[in-house]
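For reference, the structure discussed in these notes is given below.
Protein chains: 2
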Amino acid sequence: MKSLLIICDGMGDRLTDGRTPLEAAKTPNMDLLAERGITGIMDTVRTGIRPGSDTAHLSIFGYNPFELYTGRGPFEAAGAGIELEKGDIACRCNFASMENGRITDRRAGREEEGLDQLAKEVEGITIKGVKLIFKRGQGHRAVLVIRGKNLSPHITSTDPEKIGVPPSKSMPIDGRKESRNTAEILNEFTKRAESILSDHIANKERIRNRKLPANVILCRGTGVNPYLKPFEERYGIKGACISATTLITGVCRSVGMDAIEVKGANGHTDSNIGAKAKAAITALKKYDFVFLHIKGTDEASHDGNFNAKREFIERIDSEVIAPILNEVKDTTVVLTADHSTPINIRQHSADPVPIAILGDVRTDPVKRFTERHCAKGDIGRICGINLMDRIMDLSNRAKLFGA
Amino acid sequence: MKSLLIICDGMGDRLTDGRTPLEAAKTPNMDLLAERGITGIMDTVRTGIRPGSDTAHLSIFGYNPFELYTGRGPFEAAGAGIELEKGDIACRCNFASMENGRITDRRAGREEEGLDQLAKEVEGITIKGVKLIFKRGQGHRAVLVIRGKNLSPHITSTDPEKIGVPPSKSMPIDGRKESRNTAEILNEFTKRAESILSDHIANKERIRNRKLPANVILCRGTGVNPYLKPFEERYGIKGACISATTLITGVCRSVGMDAIEVKGANGHTDSNIGAKAKAAITALKKYDFVFLHIKGTDEASHDGNFNAKREFIERIDSEVIAPILNEVKDTTVVLTADHSTPINIRQHSADPVPIAILGDVRTDPVKRFTERHCAKGDIGRICGINLMDRIMDLSNRAKLFGA
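Line by line, the protein sequences are chains A and B.
In terms of the working numbering, the first sequence has 20 at position 6, counting the first letter as 1, and numbering is strictly consecutive.
In terms of the working numbering, the second sequence has 325 at position 311, counting the first letter as 1, and numbering is strictly consecutive.
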C-alpha cells in the first residue's frame, strides 16, 4: 500500500467569535475523509512546543528536531537547490538597502532588478581559505553556504531585523574558536559583499530607475547541515514532495525525497493548488510515499485574515481533497497540519493540530474535520515524531520490532 | 492490594466487515470489567511501532526494549529453563532435515522421535574454549547458549528460513572481533552438530520409521542476555507468571517472576484456559502480582481466522474473566493485549490495544471491552512502559517521587 501525506501549513487555529476557520469553513470532502477514516489531534513536535514549519516537518518525517535542528539555513539552501555536504554552515540571506551605513529597507524594496547579476558577483568568494557559496532564491531572498574546516553554527545573525541601524556584527554564541572563526568569516563576507555591491553597475541602474539599491546582504538562521539518514534507508520507500515553499522543499530534499515542481504553485492563497493535487495523484503512480504541502493557510493566518483562511480552506477542500478522494485508491491518506497559526495572535502556537487517516483503520464516529471534532476521535492525542512509523505500519511496510 | 495482569496475545484487531473480533464476540464478563473499571487504549511499545510479543511484554513489565532487547534467543532460553548469566549469547534453534547439503524441511517433519537423545549428543560441546549449552524445547524447537568471553550478539542467523538451500553461514554484522569470533563459533557448532547427528543411530531409526532425519540444527534470533533488575527489587513485590508460551515464560523469568505450570495449557486455541485462570486465582493467595498470559487469540489471528478468534475470545470471557470477576477480591485487575494482530493482515500491527483496569479507579461511562469503546475511555491513550508504575500505584505500592 502507498501513502499520501497532506499538510496544510498553519491550518490549526483557536477561536474567533467562538469558532475556528476550519469550523466556519464548508468542507464536505475533508469531513468525508474524517467520517470514513480515524481522527485525532497531534502535537507535531511535543506538547506545549511552538513549532517552526521546519522543525515540525522534520518531526513529522520522523527526525527528532531536538537532536538535529540548529537553524533553517541548511534547509533553505537545500530548497534552493544547493547540494549540501555534511558539516556545511548555511544561512538564509536577504538583499537589503543601506544608506550612510544604516539599513533603509530589509528587502531592497522587494525589487528584483539586477539581483541575478549581483548574486553572481558575490558568488565564490574565499575567506580565510574557506569557500563561500552564494545563491539567489525567490525575490530578494538568497542563501549563503560556508564550506570548510573549523566552522560552527553557533553565531549570531548579521540581520538586525529592523531598519535605521547598521548590519549587526556576527558574534560567537559559545566560547569555541570554531564559532569565533565562523563569525569572523561572516563579518568579512558582509564587508566584502557591501564593497562589491555598492559601486556595481547593476545598482547604479536600479537607482537610475528609482529603485532602492541592493547594496548589503543580511544573514540569519545560521545552521549546520546535519546528516539525516535518507528516507529510503529509513523506511525502505522512495518519497516525493510537492511544495512551493523553499524551506519545506529543503527539509524534504534533506531527508532524500525527490522534489516535484508544479507550474502556478507559489505558496500563496492564489496558488494553483488544484495542479498540486493532480501532481500528487500522478506521483503516486511512481512513488510509494508522496508528501503534499500547501502553504496558503499559514499566510492567511500570519495576515490575521479569518475570512481569507476560511476561504482558502474551502479551496483546499474542493480543489485538493475532492479529487484525491475520487481518484486515489489503495493508499493510506493522511490530512493534517504542521502547527496551528491562530488568527488572533498571527503567529505559530503550540495548539495541537487535527489529523485524519484514511485507510485500513478502525473508523470512529467523528464526521467533521475540525480541531474540536477530531479531539473526540479514536486516535486520541499523538506526537508528530511517531506519525511516519504509524503510516508505514498502516501501509504494511513497518519492520517488526522483536519476535 | 494485589494485582492481576491478564494479557491476551494479539487480541487487538482492525475491521473485518466493519467490526473487530472483540466487537463481534459476546463478552458479558469483559464488558462488566470495563463497566466497573476504567478504560483506554495503549501503545505497548510506542505509537507506530509494530511490537513483537517479547518486546511488548518487556515494555509492559516496565523494561525499555529499545535499550535492552537484542533478540529473542535469551528469552527462549530462559523459557526453556536455562539459568542464564549476564552476557550469555543465546539463539532459538530448530532441528531440521537436510539432504545432499540442502535443507528439505526446516522442522524435521515436526516429528519428535529421538530428539531427546539427539539433543543430549549435541549438549556440552566446547569450541575455542567457549562452552555451548544446548537444550531441547517443545516439538522441533531448541535453544543454544554460548557462554564465555569475547562474544557478541551481532551476528547473522544460520537458519536461511527457506528450504532447498544449505544452512546459512553466520556472519558478523559489525566490524568487532567479538562478533567475528561468535559467528565462527556458531558456524563450527553447526558443522560439528551435523557430523554428530548425521550418522547417529536415532536418525537411522527415524529413517527406518519413514521419518525425516533431524540431521542439522538451524539457529536464529541471536541475542545477548541483558541484566534486567528483578521485579522484586524494582517494584518490591514477588511476581508469578502463568504462560504456556516459552518465549513469554522466558521474558517473565528474565525479570525474576516464578513460572507456574498448568496442565493442559498449550498456547493454542484448545488450551485449558479455565485451568490457567484457576491457577492465577490460587497464585494470588501467595503472590502480590500475578501475570496471566493467553496465546490462542494470536494464533487465530496469524491463521486469519475471524470466527476462531471471536470464539476463543468468548471462551476467555466465560472461562477466564467470569471466574476472576467472581472470585478475585481486593486486587487491581488489568485486562489488555500485548499488540494487535489484525485478521486481514495476519501479522502484528501498531494499532493500539484496548485496556481496562478494575480496582480503586475513577470509573468512566464505557460499558464494553472493545478497541473502539475503550478508545472513548478516561484512561485516554497511554504507553505500555508506564503501565506497571500505574498498577503499583493503584495497589498502593508505588514509591513517591519527590516530597
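C-beta: ideal position from N, C-alpha, C; glycine also.
Touching by the beta-carbon criterion (3+ pairs, under 8 Å), the segment 77–96 of chain A and the segment 220–239 of chain A:
yes
Just how far apart, CA to CA, sit B/N321 and A/V59?
Mapped onto the second sequence, residue 321 of chain B falls at position 307. Mapped onto the first sequence, residue 59 of chain A falls at position 45. Going by the C-alpha atoms only, they are around 41 Å apart.
Give the residues from the segment 353–372 of chain B that approach chain A closer than 9 Å (Cβ to any Cβ), ordered along the chain.
P356, N358, I359, Q361, H362, S363, A364, D365, P366
A/A197 by DSSP, collapsed to three states: which one?
If you number the first sequence from 1, residue 197 of chain A lands on position 183. The answer is helix: DSSP assigns A/A197 an H, G or I state.
Chain-ordered chain B contacts of A/D378 [CB-CB under 8 Å]
Sequence index remark: in the first sequence, residue 378 of chain A carries index 364 (1-based). R386, A389, listed in chain order.
If you count every other CB in all the chains shown that lies within 10 Å of the CB of A/T140, and 16 or more means buried, which is it?
Position 126 of the first sequence, counted from the first residue, corresponds to residue 140 of chain A. Classification of A/T140: exposed, given that the 10 Å Cβ count is below 16.
Looking only at DSSP bridge pairs, what is B/L158 linked to?
Numbered from 1 along the second sequence, position 144 holds the residue referred to as residue 158 of chain B. Partner(s): B/C105, B/F148.
Would DSSP call A/T283 helix, strand or coil?
For this step, residue 283 of chain A is matched to residue 269 along the first sequence. Reduced to three states, the DSSP call for A/T283 is coil.
Run of the alpha helix (DSSP H) containing A/I327, from where it starts to where it stops:
In the first sequence, counting from the first residue as 1, residue 327 of chain A sits at position 313. Its alpha helix (DSSP H) spans residues 320–329.
Tell me which residues share the same chain as A/T69 and place their Cβ nearer than 6 Å to its Cβ, disregarding the 5 neighbours each side in the sequence.
As a first step, residue 69 of chain A must be located in the first sequence, where it is residue number 55. Result list for A/T69: V59, P79, Y83, in chain order.
Look at B/I231 and B/A254 and say whether their C-beta atoms are less than 7 Å apart.
In the second sequence, counting from the first residue as 1, residue 231 of chain B sits at position 217. In the second sequence, counting from the first residue as 1, residue 254 of chain B sits at position 240. No. Outside cutoff.
Could you say which of A/R222, A/I147, A/V157, A/R120 lies nearest to A/S182 if we only look at CA atoms?
Position 168 of the first sequence, counted from the start, is the residue given in the question as residue 182 of chain A. It is A/R120.
Is the separation between the beta-carbon of A/A133 and that of A/L226 shorter than 7 Å?
For the purposes of this step, residue 133 of chain A is taken as the residue at position 119 of the first sequence. For the purposes of this step, residue 226 of chain A is taken as the residue at position 212 of the first sequence. Contact: no.
Are there 16 or more other CB atoms within 10 angstroms of the CB of A/K309, so buried, or fewer, so exposed?
Working through the first sequence from its first residue, we reach residue 309 of chain A at position 295. Result: buried.
Is any beta-carbon of chain B found at less than 7 Å from that of A/G264?
Here residue 264 of chain A refers to the residue found at position 250 of the first sequence. Not an interface residue.
Cβ-Cβ separation, A/D23 to A/D312 (assumed contact under 8 Å), whole Å:
Your numbering for residue 312 of chain A matches position 298 in the first sequence. Your numbering for residue 23 of chain A matches position 9 in the first sequence. Going by Cβ atoms, the distance from A/D312 to A/D23 rounds to 4 Å, so yes, they are a contact pair.
Under DSSP, the alpha helix (DSSP H) around A/L72 begins and ends at which residues?
The residue given as residue 72 of chain A occupies position 58 in the first sequence. Segment 67–74, the alpha helix (DSSP H) holding A/L72.
Do you know whose CA, among A/H307, A/G115, A/L298, A/L158, lies nearest A/N280's CA?
Residue numbering aside, residue 280 of chain A sits at position 266 when the first sequence is read from its first letter. Among A/H307, A/G115, A/L298, A/L158, the Cα nearest to that of A/N280 belongs to A/H307.
Separation of B/T30 from A/S67, as counted between CA atoms
What you label residue 67 of chain A is simply residue 53 of the first sequence in a count that begins at 1. What you label residue 30 of chain B is simply residue 16 of the second sequence in a count that begins at 1. Each residue's Cα considered, the two are about 38 Å apart.
Could you give the DSSP three-state label for A/L29: helix, strand or coil?
Along the first sequence, one-based indexing puts residue 29 of chain A at 15. It is coil, neither helix nor strand.
Could you tell me whether the Cβ atoms of A/R220 and A/G151 are closer together than 7 Å?
For the purposes of this step, residue 220 of chain A is taken as the residue at position 206 of the first sequence. For the purposes of this step, residue 151 of chain A is taken as the residue at position 137 of the first sequence. No. Outside cutoff.
B/N223: buried (16+ other C-beta within 10 angstroms of its C-beta) or exposed?
Residue 223 of chain B sits at position 209 when you count from the first residue of the second sequence. Exposed, by the Cβ-count rule.
For A/L98 and A/S166, what's the separation of their Cα atoms in angstroms?
Here residue 98 of chain A is taken as the residue at index 84 of the first sequence, counted from 1. Here residue 166 of chain A is taken as the residue at index 152 of the first sequence, counted from 1. Roughly 15 Å between the two C-alpha positions.
Quick one: give me the first and last residue of the beta strand (DSSP E) that B/V347 is part of.
As a first step, residue 347 of chain B is located in the second sequence; it is residue number 333 there, counting from the start. Residues 345–350.
Starting from the C-beta of B/A197, find all residues in its chain whose C-beta is less than 7 Å away, skip the five residues before and the five after it, and write them out in chain order.
Translated into positions along the second sequence, residue 197 of chain B becomes position 183. Contacts found: I169, S184, M185, P186.
Strand pairing of A/I231, partner residues [DSSP]:
Here residue 231 of chain A refers to the residue found at position 217 of the first sequence. For A/I231, which the question treats as bridged, DSSP gives the partners A/F109.
Do B/M15 and B/N410 count as a contact pair if the criterion is CB distance below 7 Å?
Within the second sequence, residue 410 of chain B is the residue found at index 396, counting from 1. Within the second sequence, residue 15 of chain B is the residue found at index 1, counting from 1. Yes, the Cβ-Cβ distance between B/N410 and B/M15 is below 7 Å.
If contact means a Cβ-Cβ distance below 7 Å, which residues of the segment 217–243 of chain B contact chain A?
G235
Kindly indicate if chain B contains any beta-carbon less than 7 Å away from that of A/A412.
In the first sequence, residue 412 of chain A corresponds to position 398, counting from 1. Chain B, which has a Cβ nearer than 7 Å to the Cβ of A/A412, makes this yes.
Candidates B/D317, B/E37, B/M271: which alpha carbon is nearest B/A297's?
Translated into positions along the second sequence, residue 297 of chain B becomes position 283. Here the closest residue by C-alpha is B/M271.
Are there 16 or more other CB atoms within 10 angstroms of the CB of B/A417, so buried, or fewer, so exposed?
By one-based count along the second sequence, residue 417 of chain B stands at place 403. Exposed.
Taking the straight line between their C-alpha atoms, what separation do you get for A/S285 and A/I327?
What you label residue 285 of chain A is simply residue 271 of the first sequence in a count that begins at 1. What you label residue 327 of chain A is simply residue 313 of the first sequence in a count that begins at 1. Approximately 12 Å, taken between the alpha carbons.
So, under 8 Å CB-CB, A/I393 and A/I369 are touching, yes? Tell me the CB distance rounded to an integer number of Å.
The residue you call residue 393 of chain A lines up with position 379 of the first sequence. The residue you call residue 369 of chain A lines up with position 355 of the first sequence. Confirmed, Cβ separation roughly 6 Å.
Residue range of the alpha helix (DSSP H) that B/G264 falls in?
Your numbering for residue 264 of chain B matches position 250 in the second sequence. From DSSP, the alpha helix (DSSP H) with B/G264 extends over 260–268.
Check for me: the alpha helix (DSSP H) holding B/F305 runs from which residue to which?
In the second sequence, the residue the question calls residue 305 of chain B occupies position 291. Here B/F305 belongs to no alpha helix (DSSP H); instead the beta strand (DSSP E) covers 303–308.
How many angstroms separate the CA atom of B/H362 from the CA atom of B/R33?
In the second sequence, residue 362 of chain B corresponds to position 348, counting from 1. In the second sequence, residue 33 of chain B corresponds to position 19, counting from 1. Each residue's alpha carbon lies about 18 Å from the other.
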